[in-house]
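Student: The structure that follows is given in the form of structure tokens.
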Amino acid sequence: MNYSTAFLATASAAFLQMFGLPATAAGESLLIENVTLVSPELPQPLGNRHVLVREGRIETVSERPIAAPSGVRRLDGSGKFLTPGLTDAHVHLSDAIGLPFASGNPEFEALEKEYFVQQPRSYLYFGVTQVLDTANRPDRVAFFASQPRAPDTYRCGAAPVVDGYPLVFVDKAIRHQVFSDYIFEPANAREHPMPDGANPAEHTPEAVVERIATSGAICVKISLEDGFGEQNDWPVMSAETLRRVRDATKKRGLFLAVHANALDMQRRAVEADVDLLLHGIWNWNELNEQQGVPHAVSDHLRNVRHRKIGYQATLRVLPGVTDLLDTTLLDDPVYRKVVPPRLLAWYHTEPAQWFKRLVYGPNPDAASMLAADRDANSRWATSERGKRALRHLYELGQPLLLGSDTPSAPTYGNQPGYDTFKEMKMMADLGIPLSAILAAGTINNARQLGMEKDYGTIAKGKVANLLLLDANPLSSIDAWTRIDRVILRGEPIERESLAAD
Ligand SMILES: [Zn+2]
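Counting from 1480, one number per residue, gives the positions in the sequence shown under my numbering.
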């Protein structure tokens, strides 16, 4: 996070007001003719369909040609596939990827601004027409949503405990201003008292959830994270406080999303009957060295399934960091499409390697580190454990969700939109059927967010956020990169017009 006041000044009150509301309808009518529908509720694609869109919503889906109303824009769908637009239900729109925290440096501020202008376009470039931001910078989320072409934008309000994750990464002097909806945890009062001058009555679970609800958020995000890896000294919320948060969110009709990726922490979340786990389970605590999926992890995943708790695997979190070791990463031609040219040039510089140095030290032995990460039998194979868990959960019949957690860290290995696709590709590489991946990115996410009325399938009345593809996404995962047009609230946009170059 980078706190440049110059940038914040550009996110005006008007933007804040529209925040949480869908973008204005384009108003134009659109007729898509002779197209093949690929939608998650259909057992197979339906050829030669005709779709009429009016005022940003689907009005008719028909087997028969539709007489074109006057002034309608027509799009020939012959040989093409029409899908619902994708929802990435775990993004962080506030972070200009790869730039150092709290820089206050004019060069960085300029790069940051270019990043924020391109960011919504990069999501659209990869067919992401809805996003859920799970952090706590409403001003920046509002800036994103206010761009001329941006996905429909929703957010959770973050409610960390005093000094807890993710505040541990923010300077102590400002952390409780940045995450102002923090919760006071009486059980931690001795080591983590209320910040000076703050009123405890404003930081009870009920007061915080109330503020978040009033701010227009659709969910509350809490973190059950006592430290990465084997670390366990960050303060977390007690079971009693968690119960109160749970009750308060139910009362206000918000869903409760939880950051947790370790077995002990995810168990607490499941016991509290939360709605959504924002990460897959890749820290199996003392069971890390076991092969396959240990019984305890399997039992936990059965509980997740049984209680119908949403589970985002976020497979890209760890590769997003290890990708920094790949010296060819920035030569990937797709980077030119999603990263503004000056920022991409900066990624090549020495100062841009700050996070890589922080994680791996000054002279990392990239080859052996990458090999260890990819070795399924290594205790360091965090990513591998996350994959095994997802595969297992899929076999238990869990409806999968799509959430890329872009960026999960200040790593330029995660990029908006591109990482959403990479998340889907990792699922496909695991042997998850393409139909389950389609459902994850469309109807399952829509249901999880309580937005089935608006999104998730190609049906009358839904928001006309659609993708016209040159290939069938049920035949190849790469079809999701073969986007002819992104249709945003009925407005067809040529993919290349969204590219950063
Ligand atoms: Zn996240």
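Idealized CB from N, CA, C, for every residue including glycine.
Please read these numbers as outputs of a predicted model, since none were measured by experiment.
So V2024 packs on A1568, CB below 8 Å; how close in whole Å?
Tutor: The requested residue 2024 is not part of the displayed model; the chain covers only 1480 to 1980.
Student: Below 7 Å CB to CB, which residues in the same chain sit around G1606 once its five sequence neighbours on both sides are set aside?
Tutor: By 1-based counting over the sequence shown, the position of residue 1606 is 127. So the list reads G1564, L1565, L1946, W1959, I1962 and V1965, once near-sequence residues are dropped.
Student: Decide if the stretch 1715 to 1730 is in contact with the stretch 1660 to 1677; the criterion is three or more beta carbon pairs, one per stretch, under 8 Å apart.
Tutor: These segments touch.
Student: Check the C-beta distance from L1755 over to A1741 and give it rounded, since I have them as a contact under 8 Å.
Tutor: By 1-based counting over the sequence shown, the position of residue 1755 is 276. By 1-based counting over the sequence shown, the position of residue 1741 is 262. Actually they are not in contact, since the Cβ atoms of L1755 and A1741 sit about 17 Å apart, beyond 8 Å.
Student: Taking G1969 as the reference, give the member of G1789, L1531 and P1519 with the closest Cα.
Tutor: Sequence index remark: in the sequence shown, residue 1969 carries index 490 (1-based). G1969 has its Cα closest to that of L1531, out of G1789, L1531 and P1519.
Student: Under a Cβ-count criterion, where at least 16 other Cβ atoms within 10 Å of its own Cβ denotes burial, should R1786 be classed as buried or exposed?
Tutor: By 1-based counting over the sequence shown, the position of residue 1786 is 307. With fewer than 16 Cβ atoms within 10 Å of its Cβ, R1786 is classed as exposed.
Student: Which of the three DSSP states, helix, strand or coil, is assigned to I1972?
Tutor: Along the sequence shown, read from residue 1 onward, the residue named residue 1972 stands at position 493. Of the three classes helix, strand and coil, the one that applies to I1972 here is strand, per DSSP.
Student: Which of the three DSSP states, helix, strand or coil, is assigned to S1847?
Tutor: Numbered from 1 along the sequence shown, position 368 holds the residue referred to as residue 1847. The answer is helix: DSSP assigns S1847 an H, G or I state.
Student: If you draw a straight line from the alpha carbon of S1549 to that of E1931, how long is it in whole angstroms?
Tutor: The residue labelled residue 1549 in the question sits at position 70 within the sequence shown. The residue labelled residue 1931 in the question sits at position 452 within the sequence shown. Roughly 31 Å between the two C-alpha positions.
Student: Does the Cβ-Cβ distance between Y1644 and E1704 come in under 7 Å?
Tutor: The residue given as residue 1644 occupies position 165 in the sequence shown. The residue given as residue 1704 occupies position 225 in the sequence shown. It is a contact, given that the beta carbons lie within the stated cut-off.
Student: Could you tell me the distance, in whole angstroms, from the CA atom of I1956 to the CA atom of D1712?
Tutor: Numbered from 1 along the sequence shown, position 477 holds the residue referred to as residue 1956. Numbered from 1 along the sequence shown, position 233 holds the residue referred to as residue 1712. Approximately 41 Å, taken between the alpha carbons.
Student: Rounded to whole angstroms, what is the Cα-Cα separation between V1813 and E1681?
Tutor: Against the sequence shown, residue 1813 aligns to sequence position 334. Against the sequence shown, residue 1681 aligns to sequence position 202. Distance between the alpha carbons of V1813 and E1681: 46 Å.
Student: Leaving out five residues before and five after E1902 in sequence, what residues of the same chain have Cβ atoms less than 7 Å from its Cβ?
Tutor: Numbered from its first residue, the sequence shown carries residue 1902 at position 423. The answer, listed in chain order, is L1794, R1795, L1881 and S1883.
Student: E1599 and F1623 look like a contact to me (Cβ under 8 Å); what is the Cβ gap, rounded to whole Å?
Tutor: Within the sequence shown, the letter at position 120 stands for residue 1599. Within the sequence shown, the letter at position 144 stands for residue 1623. According to the sequence shown, residue 1599 is Pro rather than Glu. With a Cβ gap of about 5 Å, P1599 and F1623 count as contacting.
Student: Please confirm whether any heavy atom of ligand 1 lies closer than 6 Å to the CB of D1574.
Tutor: If you number the sequence shown from 1, residue 1574 lands on position 95. No - ligand 1 has no heavy atom lying nearer than 6 Å to the Cβ of D1574.
Student: Verify whether the separation of the beta carbon atoms of R1690 and D1726 is less than 7 Å.
Tutor: As a first step, residue 1690 must be located in the sequence shown, where it is residue number 211. As a first step, residue 1726 must be located in the sequence shown, where it is residue number 247. No, the Cβ-Cβ distance between R1690 and D1726 is not below 7 Å.
Student: Using the Cα positions of L1804 and H1827, report the straight-line distance between them to the nearest angstrom.
Tutor: Along the sequence shown, one-based indexing puts residue 1804 at 325. Along the sequence shown, one-based indexing puts residue 1827 at 348. If you take the alpha carbons of L1804 and H1827, they lie about 13 Å apart.
Student: When DSSP labels each residue in this structure, what does D1567 get in the three-state scheme?
Tutor: Counting from one through the sequence shown, the residue named residue 1567 turns up at place 88. In the structure shown, D1567 sits in a strand (DSSP, three-state: E or B).
Student: Assign E1591 to buried or exposed, taking buried as 16 or more other Cβ atoms, counted over all protein chains shown, within 10 Å of its Cβ.
Tutor: As a working mapping, residue 1591 is identified with position 112 in the sequence shown. Classification of E1591: buried, given that the 10 Å Cβ count is 16 or more.
Student: What separation, rounded to the nearest whole angstrom, lies between the Cα atoms of N1923 and H1738?
Tutor: On the sequence shown, residue 1923 is found 444 positions in, with the first residue counted as 1. On the sequence shown, residue 1738 is found 259 positions in, with the first residue counted as 1. Taking the straight line from one Cα to the other gives about 19 Å.
Student: Between R1781, G1636, G1676 and D1802, which lies nearest to Y1873 when the distance is taken from Cα to Cα?
Tutor: What you label residue 1873 is simply residue 394 of the sequence shown in a count that begins at 1. The candidate whose alpha carbon is nearest that of Y1873 is R1781.
Student: Pop quiz: C1635 and K1700 are said to be a contact at Cβ under 8 Å. What is the actual Cβ separation, rounded to whole angstroms?
Tutor: Position 156 of the sequence shown holds residue 1635. Position 221 of the sequence shown holds residue 1700. The pair is a contact, with the Cβ atoms about 4 Å apart (cut-off 8 Å).
Student: What would DSSP say about V1657, mapped onto helix, strand or coil?
Tutor: Within the sequence shown, the letter at position 178 stands for residue 1657. Helix at V1657.
Student: Assign H1682 to one of three DSSP states: helix, strand, or coil.
Tutor: Residue mapping note: residue 1682 aligns to position 203 of the sequence shown, counting from 1. Three-state result, H1682: helix.
Student: Rounding to the nearest angstrom, what Cα-Cα distance links K1939 and Q1626 in this structure?
Tutor: As a working mapping, residue 1939 is identified with position 460 in the sequence shown. As a working mapping, residue 1626 is identified with position 147 in the sequence shown. Rounded to whole angstroms, K1939 to Q1626 spans 27 Å at the Cα level.
Student: For a quick check, are the C-beta atoms of D1981 and P1886 less than 7 Å apart?
Tutor: This structure does not reach residue 1981, given that the chain is present from 1480 up to 1980, and the question cannot be answered.
Student: Measuring CA to CA, which of T1608, Q1609 and Y1633 is closest to D1618?
Tutor: Mapped onto the sequence shown, residue 1618 falls at position 139. D1618 has its Cα closest to that of Y1633, out of T1608, Q1609 and Y1633.
Student: List the endpoints of the continuous beta strand (DSSP E) containing I1901.
Tutor: Indexing the sequence shown from 1 puts residue 1901 at position 422. The displayed chain sequence assigns Lys, not Ile, to residue 1901. Not the beta strand (DSSP E): K1901 falls in the alpha helix (DSSP H), residues Y1897 to D1908.
Student: Between A1950 and N1767, what straight-line distance do the alpha-carbon atoms span, to the nearest angstrom?
Tutor: In the sequence shown, residue 1950 corresponds to position 471, counting from 1. In the sequence shown, residue 1767 corresponds to position 288, counting from 1. In a straight line, the C-alpha of A1950 is about 40 Å away from that of N1767.
Student: Look up H1738 in the DSSP assignment and say whether it is helix, strand or coil.
Tutor: As a position in the sequence shown, residue 1738 is number 259, starting the count at 1. DSSP places H1738 in strand when its eight states are reduced to three.
Student: With a threshold of 16 other CB atoms inside 10 Å of the CB of R1543, please say whether the residue is buried or exposed.
Tutor: Walking along the sequence shown from the start, residue 1543 turns up at place 64. Exposed is the call here.
Student: If you follow the alpha helix (DSSP H) that H1785 is part of, which residue opens it and which one closes it?
Tutor: Residue mapping note: residue 1785 aligns to position 306 of the sequence shown, counting from 1. H1774 to H1785 is the extent of the alpha helix (DSSP H) around H1785.
Student: Just checking my contact of R1870 with L1909 at CB under 8 Å: how many whole Å lie between their CB atoms?
Tutor: In the sequence shown, residue 1870 corresponds to position 391, counting from 1. In the sequence shown, residue 1909 corresponds to position 430, counting from 1. Going by Cβ atoms, the distance from R1870 to L1909 rounds to 5 Å, so yes, they are a contact pair.
Student: Once DSSP output is grouped into helix, strand and coil, what is the label at D1933?
Tutor: Within the sequence shown, residue 1933 is the residue found at index 454, counting from 1. Three-state result, D1933: coil.
Student: Using the DSSP secondary-structure output, state which residues sit across from F1560 in a beta bridge.
Tutor: What you label residue 1560 is simply residue 81 of the sequence shown in a count that begins at 1. DSSP output for F1560 lists T1515 and L1948 as bridge partner(s).
Student: Would you report the Cα separation of W1833 and P1579, rounded to the nearest angstrom?
Tutor: As a working mapping, residue 1833 is identified with position 354 in the sequence shown. As a working mapping, residue 1579 is identified with position 100 in the sequence shown. Near 8 Å, if we compare the C-alpha coordinates of P1579 and W1833.
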